[in-house]
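Colleague: Before anything else, here's the structure in question.
Chains as they are written, first to last, in my numbering: chain A, 121 to 553; chain B, 2 to 142.
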């Protein structure tokens with residue numbers, strides 16, 4: 121009898137709680153409670169005071185980039201087909217913040233995914249497609265995407281085509297260089313650099329296309345910026361109305377030039393750079409790299425450099441430079457209201473984590489925050505979310521969660537994907553210490 | 002006359018091929034080969050294939066229990082000598098980085114490092130001899 125009373129009381133109280141604290145969204149089948157509760161261990165992440173995290177799912181393959189709709193639905197682009205699908209729409213049906221339902225479509229792998237003006241944009245490693253959305257931001261015809269760009273170079277190395285859109289109807293696509301340093305023989309010790317580097321006419325840069333025109337390719341687009349070895353993380357900054365990108369710096373300074381660089385120098389150099397781009401910008405690859413210790417553009421050893429000679433007077437400087445090989449795969453300017461004021465308009469960067477610092481311990485595998493004011497970084501960068509690869513020292517990428525894509529939810533939550541073990545994290549500000 | 006010389010050339014060729022098959026004393030032990038191979042591995046292979054032979058997901062293939070490492074010796078030797086730039090699935094997965102050719106290594110070094118790789122990281126396979134390397138090196142790619 122006592123038991124019955126107790127269960128009755130619990131049911132009544134929880135029914136009352138749901139009644140009072142839930143918000144009914146447009147989709148009447150989805151009820152969202154006002155408060156999403158973080159995982160007890162913050163999903164294994166180490167976060168600043170007042171933040172919490174939950175793993176929303178790890179059941180949908182290897183998610184690269186991610187975008188979240190105003191309803192809180194998640195779209196992810198996958199690095200490998202999962203049940204034959206390269207894109208998943210993920211929904212939380214019971215309001216606890218965790219994914220309960222996934223619908224797959226798009227039979228191609230890739231990296232880029234973005235929402236803009238009633239369309240979902242997604243990229244394969246050669247093409248960019250778009251899908252018309254209904255007023256719930258669901259794809260209307262998942263099997264009939266419109267091909268807007270085709271024929272972008274994919275020669276295995278740096279094949280990801282990441283995308284972002286501005287507010288004037290343009291889409292920006294990265295075409296990575298299919299080479300480490302534009303050597304005659306890629307990654308071969310002592311092999312000289314090709315001059316001029318023939319890769320740069322169709323790769324190693326950013327191309328701008330119209331977001332609403334079908335079947336475009338190189339000839340229809342604008343060669344927006346060049347001298348960028350490989351960009352995976354990029355975002356349109358709505359404050360400055362300009363494109364920001366994260367470049368992956370070159371590898372193997374010591375392996376290929378052991379007489380010029382020590383193992384230690386090779387682990388730290390060159391910088392992973394954030395650039396603000398404008399039409400016609402040149403970041404200098406492969407002729408130079410940026411040395412974050414000397415704060416200089418240094419002539420690449422493939423072109424006669426010795427680690428000290430400067431060059432690249434016509435190349436732009438980075439907005440901010442990070443240690444070598446951390447592999448920035450996601451960039452997001454935060455415009456939400458959930459996080460404390462200092463985060464507003466600042467940049468989050470997902471660092472996938474290094475591999476070529478070996479034999480020294482690996483670095484990265486974290487999400488970094490860079491404070492910004494008036495479109496410029498104001499202070500030092502800080503590690504915002506760590507613990508993706510477990511405890512240091514990290515010697516192998518294989519068993520680590522690897523941060524890749526970033527997205528902002530409608531409530532200001534920060535979403536982070538992991539394209540190795542497949543986790544999707546949601547980081548929230550709770551204000552609790 | 003010509004016949005006589007060609008006989009001599011073929012004879013010399015066989016002596017050259019099998020010279021490595023009659024190795025000096027330090028080469029006779031598999032253990033010694035493993036030890037030398039580990040040194041080569043740490044210097045040449047580790048930066049990409051990692052200390053545990055696990056490689057880097059999507060970029061540099063693992064050397065642990067893969068058909069490429071445990072299978073056809075000729076193919077494996079050829080990859081070390083000539084590098085690899087083809088887009089092929091390795092046990093169902095794709096890797097995007099190019100591998101540089103390492104024909105600057107000696108037959109002995111390649112034999113040692115492949116013997117080391119085929120018997121480390123949980124692998125167990127037969128040793129590779131400098132002669133086997135020499136034969137693949139001599140054969141045009």
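Even for Gly, the Cβ is constructed at its ideal location relative to N, Cα and C.
Keeping to the same chain, check which residues put their C-beta closer than 8 Å to that of residue 126 of chain B; ignore five residues upstream and five downstream.
Modeller: What you label residue 126 of chain B is simply residue 125 of the second chain in a count that begins at 1. Answer for residue 126 of chain B: 70, 71, 119, 120, listed in chain order.
Colleague: How about residue 279 of chain A: is its C-beta nearer than 9 Å to some C-beta of chain B?
Modeller: Translated into positions along the first chain, residue 279 of chain A becomes position 159. The C-beta of residue 279 of chain A comes closer than 9 Å to at least one C-beta of chain B.
Colleague: Helix, strand or coil for residue 110 of chain B per DSSP?
Modeller: Against the second chain, residue 110 of chain B aligns to sequence position 109. In this structure, residue 110 of chain B counts as helix in the three-state DSSP scheme.
Colleague: Would you say residue 38 of chain B faces chain A, with C-beta separation under 9 Å as the test?
Modeller: Against the second chain, residue 38 of chain B aligns to sequence position 37. No, residue 38 of chain B does not count as interfacial toward chain A.
Colleague: Just to confirm before moving on: does the CB-CB distance between residue 504 of chain A and residue 489 of chain A stay below 9 Å?
Modeller: Position 384 of the first chain, counted from the first residue, corresponds to residue 504 of chain A. Position 369 of the first chain, counted from the first residue, corresponds to residue 489 of chain A. Yes.
Colleague: Closer than 8 Å, Cβ to any Cβ of chain B: which residues of the segment 476-502 of chain A, in chain order?
Modeller: 476, 478, 479
Colleague: Looking at C-beta atoms only, is the number of pairs between the segment 417-437 of chain A and the segment 395-405 of chain A that lie closer than 8 Å three or more?
Modeller: yes
Colleague: When you compare only the Cα positions, how much space is there between residue 211 of chain A and residue 178 of chain A?
Modeller: Mapped onto the first chain, residue 211 of chain A falls at position 91. Mapped onto the first chain, residue 178 of chain A falls at position 58. Distance between the alpha carbons of residue 211 of chain A and residue 178 of chain A: 13 Å.
Colleague: Starting from the C-beta of residue 391 of chain A, find all residues in its chain whose C-beta is less than 8 Å away, skip the five residues before and the five after it, and write them out in chain order.
Modeller: On the first chain, position 271 is the one that residue 391 of chain A refers to. Excluding sequence neighbours, residue 391 of chain A sits near 369, 409, 410, 411, 412, 438, 441, 442, 443, 444.
Colleague: When you compare only the Cα positions, how much space is there between residue 506 of chain A and residue 550 of chain A?
Modeller: Numbered from 1 along the first chain, position 386 holds the residue referred to as residue 506 of chain A. Numbered from 1 along the first chain, position 430 holds the residue referred to as residue 550 of chain A. Looking at the two C-alpha atoms, the distance is approximately 18 Å.
Colleague: Should the segment 97-105 of chain B be called in touch with the segment 304-320 of chain A, which here means at least 3 C-beta pairs below 8 Å?
Modeller: yes
Colleague: Run through DSSP, which three-state label would residue 175 of chain A get?
Modeller: Residue numbering aside, residue 175 of chain A sits at position 55 when the first chain is read from its first letter. Of the three classes helix, strand and coil, the one that applies to residue 175 of chain A here is strand, per DSSP.
Colleague: Taking the continuous beta strand (DSSP E) assigned at residue 398 of chain A, which residues delimit it?
Modeller: Start at 1 with the first residue of the first chain, and residue 398 of chain A comes out as number 278. Counting along the chain, residue 398 of chain A falls outside any beta strand (DSSP E), and DSSP gives it neither H nor E.
Colleague: Could you check what DSSP says for residue 230 of chain A in three-state terms: helix, strand or coil?
Modeller: Indexing the first chain from 1 puts residue 230 of chain A at position 110. Coil at residue 230 of chain A, not helix or strand.
Colleague: Runs of 3 residues minimum, wholly inside the segment 227-313 of chain A: which ones carry the beta strand (DSSP E) assignment?
Modeller: 233-236, 239-243, 248-252, 266-269, 283-285, 290-295
Colleague: Beta carbon of residue 285 of chain A, beta carbon of residue 246 of chain A: below 9 Å?
Modeller: Here residue 285 of chain A corresponds to residue number 165 of the first chain, with the count starting at 1. Here residue 246 of chain A corresponds to residue number 126 of the first chain, with the count starting at 1. The answer is no: Cβ separation not under 9 Å.
Colleague: To be precise: take each residue of the segment 53-81 of chain B, compare its Cβ to all Cβ atoms of chain A, and keep it if any distance is under 8 Å. Which residues remain?
Modeller: Residues are counted here when their Cβ sits less than 8 Å from a Cβ of chain A; for the segment 53-81 of chain B these are 53, 55, 56, 57, 58, 59, 60, 61, 63, given in chain order.
Colleague: So with CB distances below 9 Å, who are the chain A contacts of residue 90 of chain B?
Modeller: Against the second chain, residue 90 of chain B aligns to sequence position 89. Here the premise fails: no neighbours, minimum Cβ distance about 11 Å.
Colleague: Between A:267, A:266, A:252, which lies nearest to residue 260 of chain A when the distance is taken from Cα to Cα?
Modeller: Taking the first chain and counting its residues from 1, the one referred to as residue 260 of chain A is at position 140. The option with the nearest alpha carbon to residue 260 of chain A is A:252.
Colleague: Can you pull the chain B neighbours of residue 199 of chain A, defined as C-beta to C-beta under 8 Å?
Modeller: In the first chain, residue 199 of chain A corresponds to position 79, counting from 1. Neighbours of residue 199 of chain A on chain B, chain order: 59.
Colleague: Using three-state DSSP, classify residue 164 of chain A as helix, strand or coil.
Modeller: Here residue 164 of chain A corresponds to residue number 44 of the first chain, with the count starting at 1. Reduced to three states, the DSSP call for residue 164 of chain A is helix.
Colleague: Consult DSSP for residue 90 of chain B and reduce its assignment to one of helix, strand or coil.
Modeller: What you label residue 90 of chain B is simply residue 89 of the second chain in a count that begins at 1. In the structure shown, residue 90 of chain B sits in coil (DSSP, three-state: anything other than H, G, I, E or B).
Colleague: Can residue 452 of chain A and residue 355 of chain A be called in contact, C-beta distance under 9 Å?
Modeller: In the first chain, residue 452 of chain A corresponds to position 332, counting from 1. In the first chain, residue 355 of chain A corresponds to position 235, counting from 1. Closer than 9 Å, so yes.
Colleague: If you reduce the DSSP assignment to three classes, tell me which class residue 191 of chain A lands in.
Modeller: For this step, residue 191 of chain A is matched to residue 71 along the first chain. Residue 191 of chain A: coil per DSSP, three-state reduction.
Colleague: Run through chain B and tell me which residues come within less than 7 Å of residue 576 of chain A, C-beta to C-beta.
Modeller: Given a span of 121 to 553 for chain A in the structure shown, any question on residue 576 of chain A remains unanswerable.
Colleague: Of the choices A:222, A:217, A:216, A:206, whose alpha-carbon is the least far from that of residue 241 of chain A?
Modeller: Here residue 241 of chain A is taken as the residue at index 121 of the first chain, counted from 1. Nearest of A:222, A:217, A:216, A:206 to residue 241 of chain A, Cα basis: A:206.
Colleague: What in chain A is Cβ-close to residue 128 of chain B, meaning under 8 Å?
Modeller: Against the second chain, residue 128 of chain B aligns to sequence position 127. Chain A residues near residue 128 of chain B: none, gap ~25 Å exceeds 8 Å.
Colleague: Between residue 418 of chain A and residue 425 of chain A, which are expected to be in contact by the criterion C-beta below 8 Å, what is the C-beta distance as a whole number of angstroms?
Modeller: Position 298 of the first chain, counting from 1, holds the residue named residue 418 of chain A. Position 305 of the first chain, counting from 1, holds the residue named residue 425 of chain A. Right, the Cβ-Cβ distance comes to about 6 Å (below 8 Å), so this counts as a contact.
Colleague: Could you say which of A:344, A:363, A:530, A:491 lies nearest to residue 396 of chain A if we only look at CA atoms?
Modeller: Counted from its first residue, the first chain places residue 396 of chain A at position 276. Residue A:363 is the option with its Cα nearest to residue 396 of chain A.
Colleague: Using 9 Å as the threshold, is the C-beta distance between residue 120 of chain A and residue 393 of chain A below it?
Modeller: Outside the modelled stretch of chain A, which goes from 121 to 553, sits residue 120 of chain A, for which no answer is possible.
Colleague: Which one of B:116, B:34, B:44, B:104 has the shortest CA to CA distance from residue 84 of chain B?
Modeller: Along the second chain, read from residue 1 onward, the residue named residue 84 of chain B stands at position 83. Cα-wise, what sits closest to residue 84 of chain B is B:104.
Colleague: Who are the near neighbours of residue 77 of chain B in its chain, counting only those whose CB is closer than 7 Å to its CB and skipping five residues on each side?
Modeller: One-based indexing of the second chain puts residue 77 of chain B at position 76. So the list reads 69, 70, 115, once near-sequence residues are dropped.
Colleague: Less than 9 Å separating the beta-carbons of residue 534 of chain A and residue 459 of chain A?
Modeller: The sequence position of residue 534 of chain A within the first chain is 414, counting from 1. The sequence position of residue 459 of chain A within the first chain is 339, counting from 1. Residue 534 of chain A is a Cβ neighbour of residue 459 of chain A, given a cutoff of 9 Å.
Colleague: Considering Cα atoms alone, identify which of A:546, A:539, A:320, A:548 is closest to residue 180 of chain A.
Modeller: Translated into positions along the first chain, residue 180 of chain A becomes position 60. Nearest of A:546, A:539, A:320, A:548 to residue 180 of chain A, Cα basis: A:539.
Colleague: Would you say residue 536 of chain A reaches chain B, if we count a Cβ-Cβ gap shorter than 9 Å as a contact?
Modeller: As a working note, residue 536 of chain A is residue 416 in the first chain. No, no contact with chain B.
Colleague: Tell me where the alpha helix (DSSP H) around residue 524 of chain A begins and ends.
Modeller: Mapped onto the first chain, residue 524 of chain A falls at position 404. From DSSP, residue 524 of chain A is part of no alpha helix (DSSP H) but of the beta strand (DSSP E) over 523-528.
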